[in-house]
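Each remark here refers to the structure printed beneath this line.
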Amino acid sequence: MTSISKIDKAVKLINSSFSAREENNCVLLEGNTSSYDEIILAGKTAVSKNHYGVLNNITLDGFKEEDDSPNITDYSLDNVQVDCLVIGGGVIGSAVLRELSKYKLKSVLIEKESDISTHASYKNAGVIDSGIDVYNHQYRSMYAVRGNMMFDKLASELEVPFERNGHLILLKNRFEKFFYSKVFVKSKKLLIPGVKLINRKTLLQIESEAPRWANYAIYLPSGGSIDPYKYTVALAENAVENGAIVSLNTKCLSMEVEDNLIKSVTTNRGTIYPKVVINATGVFADKIAEMANDRTFTIHPVKATNVVLDKKVSFIAKRTSFIKSPVTVIRDEYDTKRVGPIRGIRKLIKYNKKHKDNELSTIHTISGNVIIGPKKEETPIRYDYSPDIKIINNILDEQRKVSPKIKKSDVISYYSGTRAQTFEEDFVIRKGITTKNIIEAAGIEYPGLTASPAIALDVADFTIDYLKECGIDVKINKVFNPHHTSVKPIKDYPSTLRDKLIKSNPKYGIIVCKCEEISLGEIEDCMKSPIPVYNLDAIKRRIGASGGRCQGSFCLPLIQEAIARKKRTDIINIKKSSNDSIILYQKVEGIKHE
Amino acid sequence: MNKDVLIIGGGISGIYAAIEAASKSSNILLVENEKQLGGVLRRLPFNDFNVDSKKFTGKEYLDYLIQKINKTQVEIWTESYVSKITKEDSTFSVDIITREGIKSIKAKTIINATGYHEKTASQSFIPGSIIAGIFTSTAILNYVNLMGYLPTKKCVFYGSTDHALSAIHSLILNGTEVVGVFDEKNQPSCLDKNKEKILDRYNIPLFLSHTITNVFGKDRVEAIEVSEIVNGMIKEETRKIIECDALIVSQGFIPDNKLIEPLNAKMSLWTKGPIVDQNSMTSIDGIFVTGNSLMIHNDIDNMIINAKEVGLNASKYKPLERKLIEINFDENYLFVEPEAIDLSSNLSNINFFFRPSKSFNDKRIKVYLNKEEIFSKEYNPLNSTKMENLILDLKKCELTQESTIIFKIE
Ligand SMILES: Cc1cc2nc3c(=O)[nH]c(=O)nc-3n(C[C@H](O)[C@H](O)[C@H](O)COP(=O)(O)OP(=O)(O)OC[C@H]3O[C@@H](n4cnc5c(N)ncnc54)[C@H](O)[C@@H]3O)c2cc1C
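Taken in order, these protein sequences are the chains called E and A.
What the first sequence shows, in the numbering used here, is residues 1 to 594, in sequence order.
What the second sequence shows, in the numbering used here, is residues 1 to 410, in sequence order.
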């Protein structure tokens, strides 16, 4: 039996309306169901080594995708000819744009949202992974290890705070050390540096409040953390400083494909004529690939929910991020009975069946807060950002076993993001297959942030290769400057320097955000950057104003006033983020009182 | 620059503390981050205040306080932000950010009166992501009363605190429709008089034992779902969707002690403010706390009494060694304040504030010293929303550092 007929049979067992057939060397699934679980199961069942990927056309009853087009239409990009068009302003698109700005090319990035880095690249814990987490996935591990190594240089060039304090995998019992041998062999193969087994004493030197039960740990010194948003913005801004163009609130709506070539890309701001297109659209990458007639994969979004804890409890992960090893079973605190190896392993098998792939991490973030998570769920909604309170409680309950000191009142916020997973569970980074002038950077799920610099190098190479094949003489941008000045909170400056700054501009001495100690001057600086943004979320993300304990209850009105002054408009026109995220309706007509 | 007393925060409590301190010393500095003194009072121009046997609106009261403080020798710096306090041998070195630069001063004592902040929507476990249209009641008061802009035309409140009621009042006066107030507790969180004055008067329904189970809307709130809770569980058939453009959250307040936390001041698990002795001095010698940064007050009379005392204590402060003992209380209390007593300081007529953890009828407040009853008084009813006080004369008792004092409700 051929592999496709086997797949066809297997998916029919899930639901009799399902079928599988071959199309352009992909497995195409068709049918209809009211159960999303069945679709996921069918997709996973259909994965085969002999095909490029799974194309899912099974429809879900009653499900309609939301339209998230920006509420702006103009012709500012109409009839514009460009060399490279990057679609998507997440970390991947931004890193690619910066690589492209090293050449003398007209490169434009379009992003449908009102700022750079609003989706996966924002709703992200900022872990720079060693690569070990994903050792089973060829491209994810390869790009993660390569990307990881590039961060020291990048972070210093872009002036984004970055720490490389290592990551830990915690073990409880002596017999669990066999897991280390497995990790060690993999790390050698993947070229992950410095992996070693440490005992509790050494562990406490690295993480002084490590959980009581952790008697051993695997130390991964290359692990680190970064602010994903600031890093992404810095990449894009540095690209702009080197001649690239970024157009926000610009959505790719359709493409005209002729003779295996993309002729034009239509947006809400006009039709663009690119020589080559880079698809970096995250959870929408299969839609864009389909528009380009180059679809070989399906994105099934995986919702991941994280809980952010107050800085008060940052002692639980002072320097590193850690995870319990998947072979370690910890039971309730009260359970003090010793577990022998045989019972231990039996328990473990039972446990692993139940908890497969759902270990929670305790993550040290660059801002000093600790994040715990993620909990993952399949969802048909690409931007399913609504965390379920049950899941939050679940995360807290589970994490209390690892760090009993965490209380519900330590939670300052929580969020969900969606990962752009393919059924093959790997990155798709390649030149176009049916269409020649597209480069795909798709399926960029975890650890896409870590992998971003390495992915960008390859994508830029593919792009340049293609342009050269077309006979275009691609020249190096000799004046490329890799250095970028990021806005930094001046409270972190030495006192004398800060004092000098205030004396040169008194606005640095007017504190607007009390919780994070951010001044009016710094808020105004955010609006002077290469990609200026004029909404509240962007200011919060760039400089931290309103991101503290009170979450802006006091300062948001003042920040709104500052933006309105700068834009010379009424404060009513200043929104949270998108054009529809209205905050104020009207002026109060002479405050009334009887 | 050297100061006897530095007061941080120019709200009601900071102003009273400064005025009182100025009666003993002419070297007092009050620092306020905003453009004007007043703090929360600036946001409550229409509330009624009965103080110093006068009736005021919020605005009149603020004018009155400013006049009062201007008659003293207190030096006032507005638009000035205390950034850092460092403890030195017998003084504190303080960095203050102003528009002229960073000013460093030395202070013998410090009174922290920085107020509180309201629990945010995330801290209140509102389902979904925080989109435009989800506000705290603090934000509403800022937008409406301070800036003169209306952030909602039709809204729902989650939480029935007095602060929420002030926000409701301001919204109603400006034409906003308040569909209802939902509270997870089975009794209102506000004082009865405020409930009558605002909810009853404007016919705003209060739904107790209700919670928010969903928020709808992509960019701005379009509707919310509420449900009744019975025995801690959501009653499925009561899920109800309400169209509105805003959800206003008022789930309680947390004392703000950001400045003294880095000095490792001991914090109370109960009030969420610092642990203090009968002089309102924290575990750090020379640092006092008052107002809502000490604990959340819901009546301003007690707060003013405390602020005045603290002002006086700080101005008289001498660095002497303290002998602290802890005050204990049973689970029938939400908190008892102060949580510590300094045996080497004045022990006569100590004023204790407390709040019961639930409401009681026909119960007595009792205090025991080493198992012997030293105080007993009937409080009827005991209401969990109301802070009460009692005065203990501990001078008569023979207290040592081994003594245990425990508060009970029996
Ligand atoms: C909760 C969570 C935590 C994570 N934590 C980590 C971590 O700690 N470390 C790590 O290495 N990785 C992490 N990841 C993975 C990492 O965040 C992603 O792999 C990475 O951000 C993907 O970047 P991207 O640019 O491909 O996608 P995105 O950031 O989603 O960017 C895609 C962009 O394309 C735009 N777009 C889409 N369609 C169009 C269109 N038609 N026209 C114009 N623009 C369009 C979107 O608006 C979006 O801005 C995490 C992911 C999640 C969800």
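Glycine included, C-beta positions come from ideal geometry on N, C-alpha and C.
- Message: As an exercise, report each continuous alpha helix (DSSP H) stretch of at least 4 residues that is fully enclosed by the segment 79-135 of chain E, in chain order.
- Response: 91-100
- Straight-line gap, V367 of chain A to N346 of chain A (C-alpha atoms, nearest Å): Reading the second sequence from its first residue, position 367 is the one you call residue 367 of chain A. Reading the second sequence from its first residue, position 346 is the one you call residue 346 of chain A. Cα-Cα distance, rounded: 19 angstroms.
- Please state if the CB of F360 of chain A and the CB of M387 of chain A are separated by a distance shorter than 9 angstroms. Here residue 387 of chain A is taken as the residue at index 387 of the second sequence, counted from 1. Here residue 360 of chain A is taken as the residue at index 360 of the second sequence, counted from 1. No, the pair does not count as a contact, with Cβ atoms beyond the cut-off.
- Message: Just to confirm before moving on: does the CB-CB distance between I464 of chain E and F427 of chain E stay below 9 angstroms?
- Response: Here residue 464 of chain E is taken as the residue at index 464 of the first sequence, counted from 1. Here residue 427 of chain E is taken as the residue at index 427 of the first sequence, counted from 1. It is not a contact, given that the beta carbons lie outside the stated cut-off.
- Message: Check this for me: beta carbons of T450 of chain E and N148 of chain E, under 9 angstroms apart or not?
- Response: Stepping through the first sequence from its first residue, residue 450 of chain E is reached at position 450. Stepping through the first sequence from its first residue, residue 148 of chain E is reached at position 148. Cβ distance < 9 angstroms, so T450 of chain E and N148 of chain E count as in contact.
- Message: Along the chain, where does the beta strand (DSSP E) containing A107 of chain A start, and where does it finish?
- Response: Counting from one through the second sequence, the residue named residue 107 of chain A turns up at place 107. DSSP places A107 of chain A inside the beta strand (DSSP E), whose first and last residues are G101 to N112.
- Message: Would the segment 9-26 of chain A count as touching the segment 70-81 of chain A if we require 3 or more Cβ pairs under 8 angstroms?
- Response: yes
- Is A280 of chain E near ligand 1, going by C-beta to nearest heavy atom under 8 angstroms? Start at 1 with the first residue of the first sequence, and residue 280 of chain E comes out as number 280. Flag set: Cβ of A280 of chain E near ligand 1.
- Query: How big is the Cα-Cα spacing for T298 of chain E and N279 of chain E?
  - Reply: For the purposes of this step, residue 298 of chain E is taken as the residue at position 298 of the first sequence. For the purposes of this step, residue 279 of chain E is taken as the residue at position 279 of the first sequence. Rounded to the nearest whole angstrom, the CA to CA distance from T298 of chain E to N279 of chain E is 14 angstroms.
- Item | Reduced DSSP category for M267 of chain A - H, G, I as helix; E, B as strand; rest coil | Numbered from 1 along the second sequence, position 267 holds the residue referred to as residue 267 of chain A. Strand.
- Query: What are the partner residues of F207 of chain A, as DSSP defines its beta bridges?
  - Reply: For this step, residue 207 of chain A is matched to residue 207 along the second sequence. Bridge partners of F207 of chain A: A:F182.
- Task: Select from the segment 332-343 of chain A all residues with a C-beta closer than 9 angstroms to any C-beta belonging to chain E, and list them in chain order.
- Result: Answer in chain order: no residues at all.
- Do F462 of chain E and K102 of chain E have their CB atoms nearer than 9 angstroms? Counted from its first residue, the first sequence places residue 462 of chain E at position 462. Counted from its first residue, the first sequence places residue 102 of chain E at position 102. Going by C-beta atoms, F462 of chain E is not nearer than 9 angstroms to K102 of chain E.
- Task: Could you pull out every residue in the same chain whose Cβ sits closer than 8 angstroms to the Cβ of I140 of chain A, ignoring the five residues on either side in sequence?
- Result: Mapped onto the second sequence, residue 140 of chain A falls at position 140. Same-chain partners within the cutoff: P151, T152, A167, S170, L171 and I248.
- Query: Where A10 of chain E and T45 of chain E are concerned, what is the direct C-alpha to C-alpha distance, given to the nearest angstrom?
  - Reply: Within the first sequence, numbered from 1, the residue matching residue 10 of chain E stands at position 10. Within the first sequence, numbered from 1, the residue matching residue 45 of chain E stands at position 45. Rounded to whole angstroms, A10 of chain E to T45 of chain E spans 7 angstroms at the Cα level.
- Is P453 of chain E near R146 of chain E, with beta carbons less than 9 angstroms apart? In the first sequence, the residue the question calls residue 453 of chain E occupies position 453. In the first sequence, the residue the question calls residue 146 of chain E occupies position 146. Closer than 9 angstroms, so yes.
- Task: Give, in chain order, every residue of the segment 94-120 of chain A whose Cβ lies closer than 8 angstroms to some Cβ of chain E.
- Result: D95, I97, T98, R99, E100, G101, I102, H117, E118 and T120
- Message: ligand 1 and H119 of chain E: does the residue's C-beta get closer than 8 angstroms to at least one heavy atom of that ligand?
- Response: Numbered from 1 along the first sequence, position 119 holds the residue referred to as residue 119 of chain E. Indeed, a heavy atom of ligand 1 lies less than 8 angstroms from the Cβ.
- Item | DSSP beta-bridge partners of F322 of chain E | In the first sequence, residue 322 of chain E corresponds to position 322, counting from 1. Beta bridge pairing from DSSP links F322 of chain E with E:L168 and E:T362.
- Item | chain E residues whose Cβ lies nearer than 9 angstroms to that of G38 of chain A | Translated into positions along the second sequence, residue 38 of chain A becomes position 38. Those within 9 angstroms of G38 of chain A in chain E number zero; the least Cβ separation is about 13 angstroms.
- Message: I'd like to know whether the C-beta of P387 of chain E is nearer than 9 angstroms to at least one C-beta of chain A.
- Response: Your numbering for residue 387 of chain E matches position 387 in the first sequence. Yes, contact with chain A.
- Message: Output needed for F157 of chain A: all residues of its chain with C-beta closer than 6 angstroms, excluding positions within five of it in sequence on either side, in chain order.
- Response: Taking the first residue of the second sequence as 1, we reach residue 157 of chain A at position 157. Within the same chain, F157 of chain A has close Cβ partners A164, V181 and I248.
- Task: Pull up the distance between the alpha-carbon of M147 of chain A and that of V91 of chain E, whole angstroms please.
- Result: Locating residue 147 of chain A in the second sequence gives position 147, where the first residue counts as 1. Locating residue 91 of chain E in the first sequence gives position 91, where the first residue counts as 1. Between the alpha carbons of M147 of chain A and V91 of chain E lies a distance of about 38 angstroms.
- Query: What's the call for Q205 of chain E, buried or exposed, on a 16-neighbour Cβ count within 10 Å?
  - Reply: The residue labelled residue 205 of chain E in the question sits at position 205 within the first sequence. When all chains shown are included, Q205 of chain E counts as exposed.
- With a Cβ-Cβ cutoff of 9 angstroms, do G373 of chain E and A545 of chain E count as a contact? Here residue 373 of chain E refers to the residue found at position 373 of the first sequence. Here residue 545 of chain E refers to the residue found at position 545 of the first sequence. No, the pair does not count as a contact, with Cβ atoms beyond the cut-off.
- Query: Between D37 of chain E and chain A, is there a C-beta pair that is closer than 9 angstroms?
  - Reply: One-based indexing of the first sequence puts residue 37 of chain E at position 37. It does not; no Cβ of chain A falls within 9 angstroms.
- Task: Buried or exposed for T73 of chain E, please, with buried defined as at least 16 other CB atoms from any protein chain shown within 10 angstroms of its CB.
- Result: Locating residue 73 of chain E in the first sequence gives position 73, counting from the first residue. Flag for T73 of chain E reads exposed.
- Query: How long is the line joining the alpha carbons of G509 of chain E and E516 of chain E, rounded to whole angstroms?
  - Reply: Against the first sequence, residue 509 of chain E aligns to sequence position 509. Against the first sequence, residue 516 of chain E aligns to sequence position 516. So the two alpha carbons sit approximately 14 angstroms from each other.
- Message: Measuring only the C-alpha atoms, how far is S357 of chain A from E410 of chain A?
- Response: The residue labelled residue 357 of chain A in the question sits at position 357 within the second sequence. The residue labelled residue 410 of chain A in the question sits at position 410 within the second sequence. Straight through space, the alpha carbons of E410 of chain A and S357 of chain A are spaced by roughly 13 angstroms.
- Query: Which word fits D67 of chain E, buried or exposed, when buried means at least 16 other C-beta atoms lie within 10 angstroms of its C-beta?
  - Reply: As a first step, residue 67 of chain E is located in the first sequence; it is residue number 67 there, counting from the start. Its Cβ having fewer than 16 others within 10 Å, D67 of chain E is exposed.
- Enclosing beta strand (DSSP E) for K263 of chain E [first to last residue]: In the first sequence, the residue the question calls residue 263 of chain E occupies position 263. Unbroken beta strand (DSSP E) run through K263 of chain E: L261 to T267.
- With 16 as the cutoff for other CB atoms within 10 Å, does F63 of chain E come out buried or exposed? If you number the first sequence from 1, residue 63 of chain E lands on position 63. Exposed is the call here.
- Would you say the beta carbon of S5 of chain E comes nearer than 8 angstroms to a heavy atom of ligand 1? As a position in the first sequence, residue 5 of chain E is number 5, starting the count at 1. Answer for S5 of chain E: no, Cβ out of range of ligand 1.
- Task: With 8 angstroms as the C-beta to C-beta threshold (strictly closer), list the residues of the segment 506-519 of chain E near chain A in chain order.
- Result: P506, K507, G509, I510, I511, K514, C515, E517 and S519
- Query: How about P530 of chain E: is its C-beta nearer than 9 angstroms to some C-beta of chain A?
  - Reply: Residue mapping note: residue 530 of chain E aligns to position 530 of the first sequence, counting from 1. No, P530 of chain E does not count as interfacial toward chain A.
- Message: Determine, for V144 of chain A, whether the minimum Cβ-Cβ distance to residues of chain E falls below 9 angstroms.
- Response: In the second sequence, counting from the first residue as 1, residue 144 of chain A sits at position 144. Cβ-Cβ to chain E under 9 angstroms: yes for V144 of chain A.
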